[in-house]
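Colleague: Let me give you the structure first, and then I'll get to my questions.
Chains as they are written, first to last, in the working numbering: chain A, 4 to 299; chain B, 4 to 299.
Dropping the structure here:
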């Protein structure tokens, strides 16, 4: 389950309520495109903004729409007891795996983050993905902490932040993590602009933001890299560079939401306020890119 | 209401549940000590870790215990609609004011933060404190954004992060904010180690972490500074330096919780996991400091 393209759909809102119909449409597109797994309630799925009841509805809708495709459900929250409750809800909904980021308000210590994973994994019946996203959690994992957490029961994968774009630095980075954690723990890349480099450097999975909305656009990159054609993967990533530049300027969530809104897959203003999405000028740029890059 | 010592009590948990009895005791101590206001559900009150129902209970308990002392209630949350609901709850509970930090998961833009305050202040019947805490929100206000938000209805105060410890740099910093916002908007200092410098530089209030647990310890500093005896305020702050050093090393929340636990004001392990509190060695240091510095 922790190889290939894991596609992370938005959780679209409509007038501040979960838009289940649009969400079902997004997940169905992913299944039809042939993604390897669906990542429900990732950062792209706005998990941190939704309450427990909403998150239960999203998880159930994802599993129902994904059919045979495994669904990984995000269970991150600030408080350990809520994380444990969300883990139960996700498993009851039929999640094939759960994914946990050390969300913080007070800056967390290594011991606190280890304790969080220790408590949560002790109760699990499904595998867990360690979700390392320093840009949103403001916590930085060391390789030593990866190693300690990877020894816990049910830890099956690590979703790492973008690797350096220099290929040898990327290989060194992925190689060091590979040495630190047991072989049964998959290493996957996130940060779409670093996907080709990450996959070419030994990452086994790509946890993709834009792939959750336009899977046909990113599958050639994923397939090329995983089939060993690193040059083709890099070429595909180069082709999508204007998109990566917009991601860097505005955040991948806002740009991906604008793509989904432009393509009519979700209602306008689908993000949870206070997040506003793009300006009108940037939305026009997204519309042009959607055509030029054949986003689908 | 936005002058003098605003004391921020912990929201103690006992076995992961709100310990209302201990909380009532903490607030009662503040009233008896003569603080100028009580800051319920600040960062020190773990607001970000509590759900809406818990936060309603805390707000009601604070107002009930505070008697004539005004209670400022924190309403921060990631999603605007939840912030608005929390603002309603706080007002129904009898809050004299509310306090709002731009909590983030996705990094917020200036426009998004302005929009948050615009939406929330439009509905309010009580004054609002703009809560600027970049260490936890990971958002940095410019003076220009302070100025725009200060023009919104009901904005009555700004709680600023620590000023530089150099007195002239601190005066420059507070003076620049003072010039940016209307006179009716109070400027208050947070970061206990910067309180003397902040008050001596023109801040009108001190939003205090440790003052919410040991008010008698910090009132002399606040009174000296607000009476114009800046040297006495600095001397008091110097006296408490070993405490500020522990705050810098471990975070003021963990140290203050250890003080409250040591003094028997709350049950052991009163913080929301995954936050663990101090190690045993550091708790022994806290116990020694409590005696040496006469924390009370």
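We put the CB at the ideal spot given by N, CA and C, even for glycine.
Taking residue 62(B) as the reference, give the member of 96(B), 206(B) and 79(B) with the closest Cα.
Modeller: Residue 96(B) is the option with its Cα nearest to residue 62(B).
Colleague: Short check: CB of residue 208(A) to CB of residue 6(A), under 8 Å?
Modeller: Cβ distance < 8 Å, so residue 208(A) and residue 6(A) count as in contact.
Colleague: Measure the alpha-carbon distance for residue 128(A) versus residue 24(B) and round it to whole angstroms.
Modeller: For residue 128(A) and residue 24(B), the distance between alpha carbons rounds to 37 Å.
Colleague: May I ask you to list the residues that DSSP assigns as paired with residue 250(A)?
Modeller: Answer is none; residue 250(A) lacks a bridge partner.
Colleague: Is the CB of residue 263(A) under 8 Å away from at least one CB in chain B?
Modeller: So no, residue 263(A) is outside the interface.
Colleague: Identify every residue that forms a DSSP beta bridge with residue 17(A).
Modeller: Residue 17(A) pairs with 20(A).
Colleague: For chain B, is any of its Cβ atoms less than 8 Å away from the one on residue 272(A)?
Modeller: It does not: the Cβ of residue 272(A) has no partner Cβ on chain B nearer than 8 Å.
Colleague: Based on DSSP bridge pairs, tell me the residues matched to residue 131(A).
Modeller: Bridge partners of residue 131(A): 101(A) and 158(A).
Colleague: Which ranges would you report for the alpha helix (DSSP H) in the region 179–211 of chain A if only whole runs of at least 4 residues count?
Modeller: Runs of the alpha helix (DSSP H) inside the region 179–211 of chain A: 198–203.
Colleague: Return the residue from the list 110(B), 77(B), 236(B) and 119(B) that minimises the CA-CA distance to residue 99(B).
Modeller: Checked all of 110(B), 77(B), 236(B) and 119(B); the closest Cα to residue 99(B) is 77(B).
Colleague: Does the Cβ of residue 94(A) have 16 or more other Cβ atoms within 10 Å, making it buried, or fewer, making it exposed?
Modeller: Buried, by the Cβ-count rule.
Colleague: Quick check on the DSSP output: the beta strand (DSSP E) that includes residue 43(A) runs from which residue to which?
Modeller: Counting along the chain, the beta strand (DSSP E) containing residue 43(A) begins and ends at 40–43.
Colleague: Got a sec, what are the start and stop residues for the alpha helix (DSSP H) residue 78(A) sits in?
Modeller: Where residue 78(A) is concerned, there is no enclosing alpha helix (DSSP H), given that its DSSP letter is neither H nor E.
Colleague: On the premise that residue 270(A) lies in contact with residue 22(A), defined as a C-beta separation below 8 Å, what is that separation, rounded to the nearest angstrom?
Modeller: About 6 Å separates the two Cβ atoms, so the contact holds.
Colleague: Quick check: is the beta carbon of residue 84(A) nearer than 8 Å to any beta carbon in chain B?
Modeller: Yes, contact with chain B.
Colleague: Between residue 259(B) and residue 89(B), what straight-line distance do the alpha-carbon atoms span, to the nearest angstrom?
Modeller: The alpha-carbon atoms of residue 259(B) and residue 89(B) are separated by roughly 26 Å.
Colleague: Are there three or more Cβ pairs, one per stretch, closer than 8 Å when the region 216–227 of chain B is compared with the region 157–167 of chain B?
Modeller: Segments in contact, no.
Colleague: Which residues in chain A sit within 8 Å of residue 215(B), going by Cβ to Cβ distance?
Modeller: What residue 215(B) touches in chain A: nothing, since even the nearest Cβ is about 16 Å away.
Colleague: Throw me the rounded Cβ distance for the residue 161(A) and residue 135(A) pair, which I believe falls under 8 Å.
Modeller: Yes, residue 161(A) and residue 135(A) are in contact; Cβ-Cβ is about 6 Å, under 8 Å.
Colleague: Start and end of the alpha helix (DSSP H) containing residue 125(B)?
Modeller: Where residue 125(B) is concerned, the enclosing alpha helix (DSSP H) stretches over 113–125.
Colleague: Let me know if residue 203(A) comes out buried or exposed under the rule of 16 or more other beta-carbons within 10 Å of its beta-carbon.
Modeller: Classification for residue 203(A): buried.
Colleague: So residue 268(B) is in the alpha helix (DSSP H); what residue range does that whole segment cover?
Modeller: First-last for residue 268(B): undefined, no H or E at that position.
Colleague: Which residues in the same chain have their Cβ closer than 6 Å to the Cβ of residue 138(A), if we skip the five residues on either side of it in sequence?
Modeller: Answer for residue 138(A): no residue qualifies.
Colleague: So what's residue 7(A) in DSSP terms, helix, strand or just coil?
Modeller: Three-state DSSP puts residue 7(A) in a strand.
Colleague: Which word fits residue 194(B), buried or exposed, when buried means at least 16 other C-beta atoms lie within 10 angstroms of its C-beta?
Modeller: Under this definition residue 194(B) is a buried residue.
Colleague: Does residue 52(B) have its Cβ less than 8 Å from a Cβ in chain A?
Modeller: Chain A contact via Cβ: present.
Colleague: Short check: CB of residue 52(A) to CB of residue 108(B), under 8 Å?
Modeller: Yes, the pair counts as a contact, with Cβ atoms nearer than the cut-off.
Colleague: Identify which residue in 246(A), 277(A), 276(A) and 299(A) has its Cα closest to the Cα of residue 286(A).
Modeller: Ranking 246(A), 277(A), 276(A) and 299(A) by Cα distance to residue 286(A) puts 246(A) first.
Colleague: Three or more C-beta pairs under 8 Å: does that hold for the region 247–255 of chain A against the region 222–234 of chain A?
Modeller: No: fewer than three Cβ pairs fall under 8 Å.
Colleague: Counting only Cβ-Cβ distances shorter than 9 Å, please list the residues of the region 14–27 of chain B near chain A, keeping chain order.
Modeller: Under the 9 Å Cβ criterion, the region 14–27 of chain B contributes 19.
Colleague: Whole angstroms are fine: how far does the CA of residue 32(B) sit from the CA of residue 265(B)?
Modeller: C-alpha separation (whole angstroms): 16 Å.
Colleague: Taking the Cβ atom as the reference point for each residue, do residue 75(A) and residue 36(A) lie within a distance shorter than 8 Å?
Modeller: No, they are not a contact pair.
Colleague: Check the C-beta distance from residue 69(B) over to residue 133(B) and give it rounded, since I have them as a contact under 8 Å.
Modeller: Not quite, the Cβ-Cβ distance comes to about 22 Å (not below 8 Å), so this is no contact.
Colleague: With distance defined between alpha-carbon atoms, name the residue in 239(A), 104(A) and 233(A) nearest to residue 223(A).
Modeller: Comparing Cα-Cα distances from residue 223(A) to each of 239(A), 104(A) and 233(A), the minimum goes to 239(A).
Colleague: Quick one: is residue 118(A) near chain B, going by C-beta distance under 8 Å?
Modeller: Chain B, which has a Cβ nearer than 8 Å to the Cβ of residue 118(A), makes this yes.
Colleague: Identify the continuous alpha helix (DSSP H) that holds residue 283(A) and give its terminal residues.
Modeller: Looking at the DSSP string, the run of the alpha helix (DSSP H) that includes residue 283(A) is 283–295.
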